[in-house]
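Chains as they are written, first to last, in this note's numbering: chain A, 50 to 278; chain B, 50 to 278. Think of the CB as a built atom: it goes at the ideal place given N, C-alpha and C, for glycine as much as any other residue. Computed from a prediction, not measured in an experiment: that's the story for all the values here.
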DNA sequence: TTACTTAGTGTAAAAAATACACACTATATT
DNA sequence: AATATAGTGTGTATTTTTTACACTAAGTAA
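Next comes the structure, spelled out in structure tokens:
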């Protein structure tokens with residue numbers, strides 16, 4: 050967050066790259082700034098770390114304040130601190146990413162006051178971003194590309210119950226390439242972290258697919274073993 | 050660095066985990082503190098980020114000031130900022146690691162004044178560390194374990210010219226397990242980033258091994274392709 | 001009933017990973 | 001000169017993993 054600049058030698062903030070998936074596209078949450086500098090520009094949501102909170106707590110709080118969401122997988126991934134990155138002084142910012150499924154029941158709470166508005170924008174067509182936020186975003190995308198290959202973060206982008214096709218779709222979007230359906234299924238099932246449900250997809254005008262759930266227990270047992278895509 | 054505490058709301062520092070390899074053991078550089086808190090304890094070397102330097106510059110400067118070394122592969126890997134991590138106030142610290150070959154020509158310059166002494170200690174037998182430095186070290190080791198599998202960081206621990214056995218030894222120490230000699234050689238050579246020299250090891254009382262050099266050019270060409278151990 | 005759309009499945013071939021043992025060479029020792 | 005010593009350097013067979021590839025089944029809509 051870049052708005053408030055108390056007169057300290059340095060300011061420490063957290064910026065979040067919130068990746069959202071609506072079933073079709075990958076999006077990120079941006080706010081349109083209402084204040085100088087970069088008034089009217091799109092920016093990543095962020096805020097200043099409070100004096101008595103841990104970094105992870107701070108990130109959770111910020112995410113909650115901005116979106117109303119709790120319990121989201123979120124991870125620190127890089128600190129940005131070029132002296133020139135903020136026109137009004139030294140602001141060191143710690144970047145976190147979060148993965149969120151969009152749409153359906155949970156709607157986002159309105160965003161706090163320093164923004165004109167907030168919006169989920171598709172990553173395929175992003176506007177110019179304020180500050181060095183493009184760099185922060187780029188690094189975040191790079192990070193989740195790596196991480197989705199080794200950790201079960203894709204599930205955070207999907208509803209609790211999902212089809213294998215939806216899961217494959219998420220992988221394809223994040224990795225930016227097509228995957229073979231049969232090989233994908235073989236591999237993802239072989240990890241043994243999916244639970245096949247006795248339930249089918251509903252509301253589609255074609256053959257309904259089987260629903261699956263990510264099985265945290267089984268995953269916990271695998272801990273230490275590497276998953277690899 | 051935890052010594053100087055100007056009266057700011059928060060202080061931003063960098064701590065370095067310097068891994069060194071002397072041909073036999075993996076070591077890290079620790080300083081013995083000369084001031085409270087944690088007087089007489091061992092701690093990671095670190096310092097406060099200056100107002101006009103980038104984070105990477107700051108890390109390089111700190112490494113230089115502590116060791117006299119330049120041009121070392123160094124990477125930011127995590128920020129630690131629990132409110133309670135420093136007894137005298139809020140200190141957020143950014144951890145960097147560096148990999149250094151020890152011994153031979155370059156000796157370390159004396160360390161700055163806030164420490165009684167500095168020493169390379171083998172990671173197999175570390176003392177209790179000040180602050181949350183054990184945590185910082187643990188995470189650093191974990192990080193290089195991962196990274197050595199995908200990036201050519203092992204060479205930073207070795208002299209410019211090295212034997213395949215020495216290289217294997219580094220991998221074994223970092224990964225903490227034995228590797229098969231033939232398979233190791235097959236694989237590492239197949240990456241195509243080593244240049245075999247017309248030179249042999251000297252001063253050994255047995256058959257001298259061929260020397261190799263890491264070929265940065267060839268590695269640059271591979272960029273994008275994943276190396277995997 | 002037919003047309004449409006996505007779900008779901010198997011196999012063969014290629015590539016990569018693993019397991020494994022001995023002869024060679026340089027030096028030091030007697 | 002012969003021998004002991006210590007690490008170098010190499011190949012193959014087996015298993016596992018990855019890749020490439022195409023059709024039938026099931027449900028819905030017209």
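Please classify residue i: does DSSP put it in a helix, a strand, or coil?
i, result
"residue 212/A", "coil"
"residue 67/A", "strand"
"residue 107/A", "helix"
"residue 149/A", "strand"
"residue 174/B", "helix"
"residue 223/B", "helix"
"residue 263/A", "strand"
"residue 249/A", "strand"
"residue 114/B", "helix"
"residue 269/B", "helix"
"residue 204/B", "helix"
"residue 55/B", "Because residue 55/B carries a pLDDT of 40, less than 50, the predicted location of this residue cannot be relied on, and the following value inherits that uncertainty. The answer is coil: DSSP assigns residue 55/B none of H, G, I, E or B."
What residue range is occupied by the uninterrupted beta strand (DSSP E) comprising residue i?
i, result
"residue 238/B", "That residue, residue 238/B, is in no beta strand (DSSP E); its alpha helix (DSSP H) goes 230-239."
"residue 95/B", "95-97"
"residue 124/B", "123-129"
"residue 77/A", "75-82"
Using a Cβ-Cβ cutoff of less than 7 Å, which residues in the same chain neighbour residue i once the five nearest sequence positions on both sides are dropped?
i, result
"residue 152/A", "71 and 72"
"residue 260/B", "210, 211, 212, 246, 248, 249 and 250"
"residue 199/A", "275, 276 and 277"
"residue 136/B", "86"
"residue 66/A", "77, 93, 144, 146, 185, 186 and 189"
"residue 164/B", "80, 81, 82 and 83"
"residue 240/A", "276"
"residue 113/A", "119"
"residue 43/B", "This structure leaves residue 43/B out entirely; chain B is present only between 50 and 278."
Are the CB atoms of residue j and residue i within a distance shorter than 7 Å?
i, j, result
"residue 182/A", "residue 93/A", "yes"
"residue 61/A", "residue 141/B", "yes"
"residue 117/A", "residue 158/A", "yes"
"residue 108/B", "residue 146/B", "no"
"residue 150/A", "residue 208/A", "yes"
"residue 238/A", "residue 264/A", "no"
"residue 148/A", "residue 233/A", "no"
"residue 190/A", "residue 128/B", "no"
"residue 169/A", "residue 104/A", "no"
"residue 223/A", "residue 188/A", "no"
"residue 134/B", "residue 180/B", "yes"
"residue 268/B", "residue 201/B", "yes"
"residue 262/B", "residue 244/B", "yes"
"residue 221/A", "residue 227/A", "yes"
If I measure Cβ to Cβ from residue i and keep anything under 8 Å in the same chain, skipping five residues before and after, which residues do I get?
i, result
"residue 171/B", "74, 75 and 76"
"residue 166/B", "80, 81 and 160"
"residue 215/A", "72 and 207"
"residue 98/A", "61, 62, 63, 104, 107 and 143"
"residue 178/A", "79, 90, 91, 92, 93 and 186"
"residue 88/A", "82"
Give the range of the alpha helix (DSSP H) segment to which residue i is assigned.
i, result
"residue 185/B", "182-199"
Here's a check: name, in chain order, each residue in its chain whose Cβ is nearer than 6 Å to the Cβ of residue i, leaving out the five neighbours to either side.
i, result
"residue 257/A", "249 and 250"
"residue 192/A", "126"
"residue 41/A", "No answer is possible for residue 41/A: it lies beyond the span of chain A, which begins at 50 and ends at 278."
"residue 204/A", "263"
"residue 115/B", "94 and 160"
"residue 197/B", "203 and 223"
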